[in-house]
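To convert a position in the sequence shown, counted from 1, into the working numbering, add 25.
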Amino acid sequence: MHTPDDFIAATVRPEIRALSAYAVARADGLIKLDAMENPYLLPPAVRERIAAAIASVPINRYPDGGAEGVKAALRRAFGIPEGLGLILGNGSDELIQIMTSVVARPGVSILAPEPSFVMYRLNALYAGARFVGVPLLPDFSLDTGAALAAIERERPALIFLAYPNNPTGNLFAVAGMEAILRAATGMVVVDEAYHAFADASFLPRLAEFPNLVVLRTVSKIGMAGLRLGYAVAAPEWTTELNKVRQPYNLNALTQAAAPILLAEDALLAEQAARIKAERSRLHAVLRALPDVVAFPTQTNFVLARVPDAPRWFDRLRETGILVKNLHGWHPSLEHCLRITVGTPAENDALIAALRTLR
Ligand code: PMP
């Protein structure tokens, strides 16, 4: 054995060798409508408060392992009662990894509808669990019958339901969600990454379902760069999840900045309202374009089927606009683009560019 490849072939699992690392598109100089970020910068006064807080962080010390300041800020901002458990992650991505690793062992299965957020399937693969994808119906609604049959057959230890779903943008019907929660014999994670733009949440219903964990993130409401996700559940669940969390997973700069932003209730509400208004405008324009289907959305993005997604993606990029091309991701996403709602000026540029395409 002489080359790195020899050692790798002898040791790295074949399913890992077959993967490519998650590719994040370069967006230098482009209007960035590809990653569901909040397009608005912070007001100068808030930035100054964050700068002052960060300047006084003792960077030579480890951060607070319990991140108590951030937890208190989240509880206040989102009305999370003290009686419920709360666990924080370096983005909700890390919490998905933690949830997966507490259940994964050979023979265990993890279930999610497909297409949905790709990290559910990837984390199952990383952890050596079997992933069971239940196809959504052609209109992207939940195939409750198929999900219940799969639950009975596979008895998954973990189910992920993105609510609203990424990349399709829709909320699944409540009755189907409830049926899955009642039938499941393991943890059911309702991933509410887009809750700020949706009219529904399972957070107020935690007491009804002893297997429910609600997952959220602050990434879509203006803090993607901080990397902060949180999960709320019965304290018994968060106790178990906490056992596999790295001791200092939330860095000190995030812990200093997040509470300042989370205190800005009016700012956060106003930005979400602006994004929802722009979403309606963008959706109406897309829907009116010839040969374009715009799917209903309760998120900060619009999924659209266009006549030729690869060509439209390239043409938009040539005009300086980056969206997400989902063509080739899943059979039901053929010729689909996922377009994040930007500022009014960014959306104007997008709309002008779209009107030149056929
Ligand atoms: N869940 C869903 C449904 C998502 O769409 C995303 C982001 N694309 C995440 C979780 C992860 O978000 P973050 O790690 O930034 O919290």
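Idealized CB from N, CA, C, for every residue including glycine.
Asp-216: first and last residue of the uninterrupted beta strand (DSSP E) it sits in: 212-216
Residues sharing a beta bridge with Ala-349, DSSP: Note on residue identity: the sequence assigns Lys, not Ala, to residue 349. Arg-363, per the DSSP bridge assignment.
Shell residues, 6 Å Cβ cut-off relative to heavy atoms of the ligand PMP: Met-61, Gly-116, Ser-117, Asp-118, Phe-142, Ala-187, Asn-191, Asp-216, Ala-218, Thr-242, Ser-244, Ala-249 and Gly-254
The region 224-239 / the region 92-102 touching (three or more Cβ pairs under 8 Å): no
Closer than 8 Å: Val-82 CB and nearest the ligand GDP heavy atom: Looking for the ligand GDP in the displayed structure turns up nothing; the ligands present are the ligand PMP.
Top-ranked residue by Cα proximity to Thr-324, from Met-248, Leu-347, Arg-342 and Ala-221: Ala-221
Beta-carbon proximity list for Ala-198, same chain, < 7 Å, skipping 5 on both sides: Ser-166 and Leu-167
Sequence-distant residues of its chain with Cβ nearer than 6 Å to Glu-177 (five each side left out): none
Residue nearest to Arg-42 in terms of C-alpha spacing, selected from Pro-29, Asn-372 and Arg-130: Pro-29
Same chain, Cβ closer than 6 Å to Gly-254, five either side skipped, listed in chain order: Gly-114, Gly-116, Ser-117, Leu-120 and Thr-242
Stretch-stretch touch, CB-based, cutoff 8 Å, three pairs: the region 347-366 with the region 184-197: yes
Pair within 9 Å by beta-carbon distance, Thr-365 and Lys-57: yes
Contact check, Met-61 vs Ser-244, beta carbons under 9 Å: yes
Selection from Leu-251, Gly-250, Ala-256 and Ala-200 that minimises the alpha carbon distance to Val-214: Ala-256
Span of the beta strand (DSSP E) around Glu-139: 134-139
Same chain, Cβ closer than 6 Å to Ala-258, five either side skipped, listed in chain order: Gly-110 and Val-238
Separation of Pro-332 from Thr-279, as counted between CA atoms: 42 Å
Which of helix, strand or coil DSSP assigns to Ile-184: strand
Distance between Asn-276 and Met-248 (C-alpha atoms, nearest Å): 14 Å
Start and end residues, beta strand (DSSP E) containing Val-238: 237-242
Length of the line joining the Cα atoms of Ala-225 and Asn-85: 42 Å
Helix, strand or coil at Pro-6 according to DSSP, with G and I counted as helix: Residue 6 lies beyond the stretch modelled for the chain, which goes from 26 to 383, so this question has no answer here.
DSSP-derived helix/strand/coil call for Ile-121: helix
Three-pair Cβ contact test at 8 Å for the region 262-277 versus the region 136-144: no
Three or more C-beta pairs below 8 Å linking the region 70-85 and the region 372-380: no
Residues near Ala-223 in its chain [Cβ-Cβ closer than 8 Å; skip 5 each side]: Tyr-188, Pro-189, Leu-196, Glu-217, Gln-323 and Thr-324
N-terminal and C-terminal residue of the alpha helix (DSSP H) that Ile-246 is part of: Careful: Ile-246 lies outside any alpha helix (DSSP H) and carries neither H nor E.
Complete beta strand (DSSP E) runs within the region 314-348 (minimum length 3 residues, chain order): 326-330
Cβ neighbours of His-308 in the same chain (closer than 7 Å, five flanking residues each side left out): Ala-319, Thr-322 and Val-327
Within the region 27-103, ranges of the beta strand (DSSP E) (whole runs, at least 3 residues): none
Pair within 9 Å by beta-carbon distance, Phe-156 and Ile-123: no
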